[in-house]
Amino acid sequence: MLRWIRQQLGFDPPHQSETRTVYVANRFPQHGHYIPQRFADNRIISSKYTIWNFVPKNLFEQFRRIANFYFIIIFLVQLMIDTPTSPVTSGLPLFFVITVTAIKQGYEDWLRHKADNEVNGAPVFVVRSGSLVQTRSKNIRVGDIVRVAKDETFPVDLVLLSSDRADGTCHITTASLDGETNLKTHFSVAETSVCQSVSRLEALQAVVECQQPEADLYRFVGRITVTEHGEEIVRPLGPENLLLRGARLKNTKEIFAVAVYTGMESKMALNYKCKSQKRSAVEKSMNTFLLIYLGILLFEAVLSTILKYAWQAENKWDEPFYNEKTAQEKNSSPILKFISDFLAFLVLYNFIIPISLYVTVEMQKFLGSFFIGWDLDLYHEETDEKAQVNTSDLNEELGQVEYVFTDKTGTLTENEMHFRECSINGTKYREVNGRLVPEGMTDNSPDGSRPHLIGEELLFLQAVALCHTVHISYDQPDGLIGDPFSHANGFSSNHMEYYASSPDEKALVEAAKRIGVAFTGSSADTLEIKTFGKLEKYKLLHVLEFDADRRRMSVILQTPSEGQVLFTKGAESAILPFSTSGDIEKTRLHVDEFALKGLRTLVVACRHFSPEEYMDLDRRLNSARTALQQREERLQEAFSYIEKDLQVLGATGVEDKLQDKVQETIEALRLAGIKVWVLTGDKHETAVSVSLSCGHFHRTMNILELLQQRSDNECAEQLRILARRIKEDHVIQHGLVVDGASLSLALREHEKLFMEVCKNCSAVLCCRMAPLQKAKVVRLFKTSPEKPITLAIGDGANDVSMIQEAHVGIGIMGKEGRQAVRNSDYAIARFRFLSKLLLVHGHFYYIRIATLVQYFFYKNVCFITPQFLYQFFCLFSQQTLYDSVYLTLYNICFTSLPILVFSLFEQLVHPHVLQNKPALYRDISKNALLSFRTFLYWTLLGFCHAFIFFFGSYILMGEDTTLMGNGQMFGNWTFGTLVFTVMVITVTLKLAIETHFWTWMNHFVTWGSIAFYFIFSLFYGGIIWPFLHTQDMYFVFVQLLSSGSAWFAIIIIVVTCLFPDVVKRVFYRHLQPTSTQKSQSLSAPAQTLSCVESLCCYQHGQSGCSRLARFLEHMTGQCPAGENHCPTSSSSNRWAGLGRLLTMIRKPDQPPPPRGFKNLDSSAECCSP
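Take any residue in the sequence shown, count from 1 to its spot, add 434: that is its number in the numbering used here.
Structure (structure tokens):
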């Protein structure tokens, strides 16, 4: 326990050295003073709470919220001093909010516990004491030898020791880690690969030294020391030797491996780290409004306290005959009494801060997020993938996007590569019917036969077929898997299928196979190809892995003629500068031509080694690979030494097809006022070509370039030139192309100038971008003075940093894995779905949450202002206007459901209209509905209505008027109940006026809330409840409703409050309509109904036209007599039909939903066939 406490405080870090030593099978040294290292157990803990810390930890997290902390302070004040209201009035709502949130979080954590227990209790087999023992996953220790069978998941991070294959290899899939479904080959070292039985493993003496745990899935540095006959043999270990927890064994019967990282130290668990919390603009506005209302509360409390003492300056009010002070009150400190009175007023007015706002917003976001997943328009049938929401906190942010930063490959394109052209030794070729045809020739050449490929052409194809990381899967029984070349003896190579992590590599290897040089298999140290039917075996000596800095990968092979050769391929900027022979200039020219056609390009080169050169590089590579310190730096030095003096063989051009409707989507975003940036790693010619083809750049657009800048001064001068050109040609649209190197210079010293140029361009294309550069560009705009809302969308691991940096991150479910999806806020299957996600769902979410926030503040101003005004009539004695039960239930029961349902289903404009008129998105941009002007309108409206509630009721009752038939007068509780009744009806009807899209649920909660208030008040005041100490409200509500004058007053006050608002809306709608209001008057799409049935359509085709609806249709001429559109109806649907008819009468220009409108956002609730 003491050690754990020291670790938590940072005094005793668990890993004090940079490496860990793992003794295979836990055979520790028998001599010397060996102190074993402490490692984590293999339990996975994704849960947040335990049964012991749930209550304190959850309460601590909830009271970090300002509103919750404020209300607990108010509750404590009510307990400590004599306050005008019961502690129950603030304690019960707070308890309700805290309890609901705790139940939600507790249930989510219970699900995490349940999932953890399933994982930790899974059965596994380990080698212990010379036998195979079954145990639970959580009992695995570092150093245990674990046996994993085919199709099982690895329970820990393991170093492969052996497999059932003779060469000690195995195939795995890492789909659950990074989404890549291709098979990956992992290797064991030769000294352990022979240990294929428990007895051999028991005799194995080996020690693994490796780095301490880190989150990078693709990095592992270590070495294994195997002792054989008293001699120590050291072999390097890398990512190809490590089997990650969560990956699955495929096409291999069983493997044995040693556990190196367990439990929360496994790479998968280290990637559980929480993303930085993103906050929406609405949430920030909400917090600002809360602070303003807190200021109003403090002002009212201070003013009331001062006025109380000003009023009590006269003796007759300070100590009236009916309320003489006690001796303690006369001797009490004036300062303490002032503070006590201030706190009492603070408690009296505290309901101006809406405690239930947070829980309502949370429920709205959580429930509203389901509409995205349910939308059939965002469902991709080919891949059977629907849109998914990873973060519901940002729903409304989808309606505020100003900049979209998108990847190109796999996002705008399909990431399906097709080989189109190549350049070999300065000659261009294209593939026609499985043949390479030189430029200028046709497939029907004079001899009608396949062109004879010799020399450089054949070497080029062999390089393409051998320099890759492609794997082969054979459709054959498990028993044949052991021999990687079993297909050579009678098994047709037509049954093999290529798998690759890079679609480019797969396309090139498949093209080489079609042309006649087929890659047919690989083992640990052998690659096999068939060159026009002739079998050739190459010994694999070294693989120089691809990395983003070098932008190339290489293999060193021993040819059948015993020579050593290096084949390399990569970007032209990574190959041509290191080349000294071959047709370099023609290849460069051809690469540019391919790029202009929008093809993805790679340059292929080779280098032949003498025996002495090979011995030297072999020594350098082995030395770098066995280093535990600075391995990456030493490997980079070795790679640079080897990959030089290259001979250029040629280049390839691969086409990546555009996704459907990319051009229409980009144009819709542009019309919506959203600027689109394309950030890609491709060379600039390829990127420009794709930008033109997808509509990102227009043919009429003036393309500006910031390319190949080599110094700060040069970059600054070019930026000034571009800025002048934009000012001179301000009439036309401009597009900007920037490369990665120039961008680095621009961001280093000239951010403002670069931003000025970019903001004046309609479209920007950044090419040759590194992943971190993408994130830097997004951060640059996020932190600019205007602070625009940014959205990043991509499909690959290289897009994760950009996705996490943007306000909203969207992952594409593409072919480059699932890392982008896992790290995103939302995930969609295709880029074209982005337009509906923003223009429809974003629009709906924003107007709903904006109205919800403003309405909450409005109804609480209406609620508490009469309480403040009442103090002027009771000598600031802190007498409450409302009964404590009404104070408690106002926000919880009487006014909560209508606004929640409104915030789930409201639609200002039909979804089809929103998609067809993207410019409507501009109406809500820049947080327009939560501007200070709008906030001021709602606040002043709340104060005006509150004054009308109070003084309207006062005029009726203030002069001691007899309103009862028996001559009895109303008292102060009846006055307060009248104000409260008018208030509940008015704020509910105010929301009804704001509602444009009515469903049966809106009707139910709107009219039901008012009915519930009346029914509850009758029961509460009509019965003597034995558990209540006092019952001031007994028979008060019944007496109030028995007075005709009171009913008349209720109607007059409600109409007086709402009539000016209705007049204002009509006036503005006809004289100064917004573009949104104009769009509401557009005719509905083609497939609509001609009568009220269009407003009453329900799921399964049910209609809801009532007789009254039919009658009014005929009266208004909307449905010709004799037509029958509504053959069936149900009683419940008739009511809904009537309600929708009333909606139509109130808003005659609102378009009806179409009959065939299926599952478009919340309309699925009310009009999905």
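Glycine residues also receive a C-beta, built at the ideal position from the N, C-alpha and C atoms.
Could you give the DSSP three-state label for residue i: helix, strand or coil?
i     : result
C1530 : Because the pLDDT of C1530 is 34, which lies under 50, any placement of that residue in the model is unreliable, and the question is left without a value.
Y813  : coil
V623  : coil
Y1320 : helix
R454  : strand
P872  : strand
S1007 : helix
P557  : strand
T659  : strand
L846  : coil
F1307 : helix
H605  : strand
F690  : strand
I479  : coil
Based on the DSSP secondary-structure assignment, which residues constitute the bridge partners of residue i?
i     : result
T1090 : Residue identity differs from the one stated: residue 1090 is Asp in this sequence, not Thr. Answer by DSSP bridge pairing, in chain order: M851.
A952  : K964
S857  : K862, A1085
K1208 : Looking at the DSSP assignment, K1208 forms no beta bridge with any residue, so it has no partner.
I1262 : I1246
S565  : R562
F1043 : Q998
A1061 : Beta-bridge pairing links A1061 to no other residue.
S1015 : Q1081
G697  : In DSSP, G697 forms no bridge with anything.
F654  : F654 pairs with nothing; no bridge assigned.
Start and end of the beta strand (DSSP E) containing residue i?
i     : result
N1136 : 1136-1140
A899  : That residue, A899, is in no beta strand (DSSP E); its alpha helix (DSSP H) goes 890-900.
L595  : 591-597
K1360 : It is not in any beta strand (DSSP E) - K1360 carries neither H nor E in the DSSP assignment.
R669  : 665-671
G1169 : 1168-1173
Grab me the residues of residue i's own chain with a C-beta within less than 8 Å of its C-beta, minus the 5 sequence neighbours each way, in chain order.
i     : result
V1287 : V716, S719, M720, F723, L791, V795, L1364
I1283 : V716, V795, Q798, K799, N829, E830, S1337
A1353 : L1105, A1106, G1107, S1509
A946  : L895, V898, A899, A952, F953
G652  : The question names Gly, but residue 652 is Tyr in the sequence shown. These residues qualify, in order along the chain: P673.
S927  : Confidence at S927 is low in this model, with a pLDDT of 45, below 50, so its placement is unreliable and the value that follows should be read with caution. Cβ neighbours of S927 beyond the five flanking positions: H921, A952, T954, K964.
S956  : T619, H905, I906, P918, E962, L974
Note down, in chain order, each residue of its chain lying with its Cβ closer than 7 Å to the Cβ of residue i, except the 5 sequence neighbours on either side.
i     : result
T739  : F772, D775, F776, F779
R454  : Q471, C644, Q646
Y1447 : F1328, V1418
Over what stretch of residues does the alpha helix (DSSP H) that includes residue i continue unbroken?
i     : result
W1441 : 1434-1456
A744  : 715-745
P1300 : 1277-1304
L1338 : 1330-1339
T794  : 790-802
H1379 : 1366-1391
T1510 : 1509-1514
Using a Cβ-Cβ cutoff of less than 6 Å, which residues in the same chain neighbour residue i once the five nearest sequence positions on both sides are dropped?
i     : result
Y1304 : L1315
V1025 : E1006, T1035, A1085
F1043 : Q998
Y863  : C856, L870, P872
R682  : T587, T607
V632  : V561, L566
S451  : none
Task: 4-residue-minimum alpha helix (DSSP H) runs that sit fully inside the stretch 497-533, ordered along the chain - done: 500-514
Task: Runs of beta strand (DSSP E) wholly within the stretch 1090-1133 (minimum 3 residues, chain order) - done: 1109-1113
Task: Ranges of the beta strand (DSSP E) found wholly within the stretch 1177-1238, counting only runs of at least 3 - done: 1197-1201, 1224-1228
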